[in-house]
Structures are given as C-alpha cells and as structure tokens.
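Working notes for the structure below.
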Amino acid sequence: MADAFTGAVLDRAADGRRRDSDWIAAQMADPAARAVVAGTAGVRANGDALERVALPDAVAEADGADPPLLLGLDGEGPLFALDEDAPVEPGRRAPMIGAGGRRGEPAPEAPGRMALREAVGVLSRPEGGLLAYAAGLLNWHRTHRFCANCGAPTGHSEGGHVRSCARCRSEHHPRVDPVVIMLVTGEDRVLLGRQPVWPARRYSALAGFVGPGESLEEAVAREVAEEAGIETGRPRYLASQPWPFPASLMLGFVVPWTAGEPGGSDPELEDVRWFSREEVAEAARHDDQWTGEPAGPGPLMLPPRTAIARTLIDAWLSG
Ligand SMILES: [Zn+2]
C-alpha cells in the first residue's frame with residue numbers, strides 16, 4: 125500500500141462552520157458524536173479499522189484534560205480526536221502520539237492500541253489517512269501548549285484547529301513540515317542512501333526539509349548536492365504523502381542526474397551510491413517490514429511498500 129496515510133474521507137467543516145462556537149458545541153452534544161482515541165501507546169483500533177468510541181464515553185475514560193478536537197463529519201455524524209493521556213508537565217518533552225515501544229513497535233502494556241508504525245501496514249487506506257490526520261493534530265496540541273510569541277498558555281479554538289493566546293491575541297495554526305524526497309535517476313540506475321539507524325542493508329531515496337524561502341525545485345537540488353555531491357536537472361513531481369512522525373508532508377520527485385559522482389559529507393548518511401536496475405528489481409521482489417532486521421551481508425533491501433520512497437522506486441522500475 126504505497127499510498128499509506130492518504131485517503132481520509134471526511135468533511136473537515138473548514139468552510140467557516142468551525143469558527144462558530146455554537147456550531148462546535150452542537151457537534152459535541154450530537155448523540156452520534158464519536159471519537160478516535162489515541163495516546164502515547166497507540167491508537168485504539170480493531171483489525172484494519174480505527175475504533176469509534178461514543179464521545180461521552182471517550183471523554184469519561186480519558187486521563188487527559190484536553191478537550192476533543194473536531195476532525196469533521198462523516199456519513200454517521202461528527203467525528204472527533206481525543207488524547208487519552210494527561211498532558212506532560214510544563215518543561216518536559218511530550219512523547220509522540222502512537223509512538224509505541226522504544227523502536228515504534230506495538231506497546232504490549234496497552235492492549236487494543238496500535239502504534240503508528242504498526243498501523244501503517246495494517247489499516248485500510250481511508251483509515252490510515254484518518255489516523256494521519258488525527259495523529260498530526262493531536263501531536264501538534266501536545267507540543268504547542270504555549271504561545272510562541274509571548275510564552276503564555278494557549279487555549280483551543282475552532283474545534284481544536286487553532287490555539288489562541290488570550291494575552292497577546294496571537295493565533296497559532298497546526299504545523300505541517302514539507303519534506304522533499306527524490307529519486308535521482310541516471311543511465312538505468314538510481315541513487316540511494318542509507319542512515320546508520322536503519323535496518324541492515326536498507327537503502328532509500330534521499331530526502332530533506334524544505335527551507336524558508338526555498339522552492340521545492342531548489343530544495344531538491346540542494347539536498348541532493350549536500351547528501352550526495354551530485355548535480356541534478358529539473359525534478360518531476362510524482363506524489364505526496366502525509367508522514368505523521370510527527371508532522372511531515374513528503375513531496376515525492378524523480379530527478380535526472382546531470383553531473384558528479386556520489387560522495388557527500390552529510391553526517392546523517394553512512395553511504396550513498398548507485399544501484400543498477402537489476403539490483404533494485406531483485407530487491408523489489410522481497411517484501412519486508414519496518415521492523416524486519418536481517419543480519420549480515422546480503423542483497424539490497426528497499427523501503428517498505430507503505431513509504432512514498434517505495435512508490436518512487438516502483439514507478440521507476442515499471443518505467
Ligand atoms: Zn501570546
């Protein structure tokens with residue numbers, strides 16, 4: 125499922141209804157209101173679907189003080205997201221929603237919860253999209269409890285889509301961090317790199333955050349030059365994917381090599397090199413998981429099929 129975390133089907137009520145506090149209150153009081161419930165241990169889920177908990181039950185069971193966030197309306201009524209954990213004390217770093225165990229595995233002490241890295245391979249496409257939306261919004265609230273302008277505590281408004289500062293009247297909006305991810309292609313080969321923290325033998329497309337004042341095309345060229353010392357031509361946009369770890373939007377490109385040989389000095393990459401079409405095609409025949417960690421030498425391992433990097437690689441393989 126190369127389009128994981130996309131495909132939520134929901135009326136987000138972003139047309140002005142969300143700014144009407146009476147309308148928000150009516151949604152909360154609606155007997156059909158339900159909530160997607162998530163915390164550090166994961167999101168409440170059953171099989172390939174998220175649980176929808178009746179809103180009053182979800183609020184009563186949650187340990188948290190935070191009000192529910194309105195995700196939008198589906199065919200059954202209003203749908204909210206609720207953080208089931210209490211907020212961390214001020215000054216402490218908040219863990220991510222759905223972080224799971226130490227390495228992102230399911231949290232065994234929290235039955236019925238699914239960690240995000242597990243969910244990405246299990247949930248149906250619309251459910252994965254809904255989870256990306258809920259987790260992105262809940263994570264933003266966890267880490268933006270104070271005004272970035274004056275430091276005062278901020279409160280919810282617009283159903284949780286804005287945090288407002290009563291002291292300086294600033295409004296803060298949920299954050300999405302654009303990341304370019306690009307497959308550099310040349311002469312029937314592709315450029316892939318690996319980070320030392322990844323499972324052995326896994327390589328993936330190069331990626332990096334877009335900087336202020338930078339176009340996507342400029343970000344692609346700069347990142348490839350920094351990470352691989354390679355010059356590239358005009359990038360071609362292929363697809364995007366929300367990646368809620370915690371708030372990225374991956375923007376996928378294919379870009380032709382024009383000059384240079386791999387040899388960057390990026391400390392995050394331990395290797396970057398060309399792979400032939402045969403090597404990549406052979407690797408694509410082996411399916412694998414984020415948590416799979418083969419030991420020792422062996423053939424190349426590609427990113428999991430849930431990642432947009434794999435979409436780029438598969439698109440190149442199929443021409
Ligand atoms: Zn303020």
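The sequence shown runs 125 to 443 under this note's numbering.
Backbone N, C-alpha and C fix where the C-beta goes; we use that ideal spot for every residue, glycine too.
From a predicted model like this one, the values you see are computed outputs, not experimental measurements.
Using C-beta distances below 7 Å, list every residue in its chain close to V300, excluding the 5 sequence neighbours before and after it, in chain order. Locating residue 300 in the sequence shown gives position 176, where the first residue counts as 1. These residues qualify, in order along the chain: A371, L373.
Does the region 271–289 come close enough to the region 397–412 that 3 or more CB-CB pairs lie under 8 Å? no
Let me know the secondary structure DSSP gives W322 once reduced to three states. Counting from 1 along the sequence shown, the entry for residue 322 is found at position 198. W322 falls in the coil class under three-state DSSP.
So with Cβ pairs under 8 Å, would you call P323 a contact of chain B? As a matter of chain content, chain B is missing from the structure shown, which is built from one protein chain.
Beta-carbon proximity list for A128, same chain, < 6 Å, skipping 5 on both sides: By 1-based counting over the sequence shown, the position of residue 128 is 4. The answer, listed in chain order, is V244, G252, T430.
Is the region 197–208 in contact with the region 151–165, if contact means three or more CB pairs nearer than 8 Å? yes
What are the boundary residues of the beta strand (DSSP E) that includes T382? The sequence position of residue 382 within the sequence shown is 258, counting from 1. Its beta strand (DSSP E) spans residues 372–383.
Nearer than 7 Å: is that true of the beta carbon of R287 relative to any heavy atom of ligand 1? As a working mapping, residue 287 is identified with position 163 in the sequence shown. Not under cutoff, so the answer is no.
Would you mind stating whether V167 and M220 have Cβ atoms separated by less than 8 Å? For this step, residue 167 is matched to residue 43 along the sequence shown. For this step, residue 220 is matched to residue 96 along the sequence shown. Cβ distance not < 8 Å, so V167 and M220 don't count as in contact.
Look at W322 and T356 and say whether their C-beta atoms are less than 8 Å apart. Position 198 of the sequence shown, counting from 1, holds the residue named residue 322. Position 232 of the sequence shown, counting from 1, holds the residue named residue 356. Taking 8 Å as the Cβ cut-off, W322 and T356 do not qualify as a contacting pair.
With a threshold of 6 Å on Cβ separation, who are the neighbours of A173 within its own chain once the five nearest residues in sequence on each side are excluded? By one-based count along the sequence shown, residue 173 stands at place 49. For A173, where only same-chain residues beyond five positions count, the Cβ hits under 6 Å are E251.
On the CB-based measure, 16 or more other CB atoms within 10 Å of its CB, does N170 come out buried or exposed? By 1-based counting over the sequence shown, the position of residue 170 is 46. Classification for N170: exposed.
Close beta carbons around A445, own chain, < 8 Å, minus the five adjacent residues each side: Any property of residue 445 remains undetermined from this structure, which presents the chain solely from 125 to 443.
Pairwise C-alpha distance: R434 and A157: Numbered from 1 along the sequence shown, position 33 holds the residue referred to as residue 157. Numbered from 1 along the sequence shown, position 310 holds the residue referred to as residue 434. If I take the Cα positions, the gap works out to 37 Å.
Any heavy atom of ligand 1 closer than 7 Å to the Cβ of S294? Working through the sequence shown from its first residue, we reach residue 294 at position 170. Yes - ligand 1 has a heavy atom lying nearer than 7 Å to the Cβ of S294.
For C271, which residues in the same chain have their Cβ closer than 6 Å to its Cβ, ignoring the five residues on either side in sequence? Position 147 of the sequence shown, counting from 1, holds the residue named residue 271. Excluding sequence neighbours, C271 sits near T278, C289, S294.
Using only the heavy atoms of ligand 1, determine whether one of them is closer than 7 Å to the beta carbon of A276. One-based indexing of the sequence shown puts residue 276 at position 152. Under cutoff, so the answer is yes.
Under a Cβ-count criterion, where at least 16 other Cβ atoms within 10 Å of its own Cβ denotes burial, should G260 be classed as buried or exposed? Counting from 1 along the sequence shown, the entry for residue 260 is found at position 136. Buried: at least 16 other Cβ atoms inside 10 Å.
Check: R269 C-beta below 7 Å from any heavy atom of ligand 1: Start at 1 with the first residue of the sequence shown, and residue 269 comes out as number 145. No, the Cβ of R269 stays beyond 7 Å of every heavy atom of ligand 1.
Would you say R409 touches ligand 1, meaning its beta carbon is less than 7 Å from a heavy atom? For the purposes of this step, residue 409 is taken as the residue at position 285 of the sequence shown. No, the beta carbon of R409 sits no closer than 7 Å to any heavy atom of ligand 1.
Look up W414 in the DSSP assignment and say whether it is helix, strand or coil. Counted from its first residue, the sequence shown places residue 414 at position 290. Low confidence applies here, because W414 scores a pLDDT of 41, under 50, leaving its location unreliable; read the following figure in that light. Three-state DSSP puts W414 in coil, outside helix and strand.
Measure the alpha-carbon distance for R143 versus A137 and round it to whole angstroms. For the purposes of this step, residue 143 is taken as residue 19 along the sequence shown, with counting starting at 1. For the purposes of this step, residue 137 is taken as residue 13 along the sequence shown, with counting starting at 1. Distance between the alpha carbons of R143 and A137: 9 Å.
Closest Cα partner of Q319 within the set D154, D390, P202, G140: The sequence position of residue 319 within the sequence shown is 195, counting from 1. When only C-alpha atoms are compared, the closest one is D390.
Whose C-alpha, out of W367, W264, T309, V246, is nearest the C-alpha of P211? Start at 1 with the first residue of the sequence shown, and residue 211 comes out as number 87. The option with the nearest alpha carbon to P211 is W264.
Take the Cβ of W414 as the centre, count every other Cβ of all protein chains shown within 10 Å, and call the residue buried at 16 or more, exposed below. Walking along the sequence shown from the start, residue 414 turns up at place 290. Caution applies to W414, whose pLDDT of 41 falls short of 50 and renders its modelled position unreliable; the value that the coordinates give is listed next. That one is buried.
Quick check on the burial criterion: 16 or more other C-beta atoms within 10 angstroms. Buried or exposed for H285? Walking along the sequence shown from the start, residue 285 turns up at place 161. Label assigned to H285: buried.
Taking just the CA atoms, how far does G337 sit from M125? Residue 125 sits at position 1 when you count from the first residue of the sequence shown. Residue 337 sits at position 213 when you count from the first residue of the sequence shown. Unreliable positioning characterises M125 in this predicted model, as indicated by a pLDDT of 42, which lies under 50. A coordinate reading is not provided.
Beta-carbon separation of L424 and R313 under 8 Å? Along the sequence shown, one-based indexing puts residue 424 at 300. Along the sequence shown, one-based indexing puts residue 313 at 189. No. Outside cutoff.
Relative to the C-alpha of I305, which candidate in A256, A149, S328, G422 has its C-alpha closest? As a position in the sequence shown, residue 305 is number 181, starting the count at 1. The candidate whose alpha carbon is nearest that of I305 is S328.
Less than 8 Å separating the beta-carbons of V378 and L362? One-based indexing of the sequence shown puts residue 378 at position 254. One-based indexing of the sequence shown puts residue 362 at position 238. Closer than 8 Å, so yes.
Is any heavy atom in ligand 1 found nearer than 7 Å to the beta carbon of R358? For this step, residue 358 is matched to residue 234 along the sequence shown. False, no ligand heavy atom lies under 7 Å from that Cβ.
Mind checking whether L315 and A343 have CB atoms under 8 Å apart? In the sequence shown, counting from the first residue as 1, residue 315 sits at position 191. In the sequence shown, counting from the first residue as 1, residue 343 sits at position 219. For L315 and A343, no; Cβs fall outside 8 Å.
Integer Cβ distance of E385 from P359, believed to fall under 8 Å: Here residue 385 corresponds to residue number 261 of the sequence shown, with the count starting at 1. Here residue 359 corresponds to residue number 235 of the sequence shown, with the count starting at 1. No, E385 and P359 are not in contact; Cβ-Cβ is about 20 Å, not under 8 Å.
Using a Cβ-Cβ cut-off of 7 Å (strictly less than) and excluding sequence neighbours within five positions of A218, which residues of its own chain qualify? Residue numbering aside, residue 218 sits at position 94 when the sequence shown is read from its first letter. Result list for A218: V212, R266, T267, in chain order.
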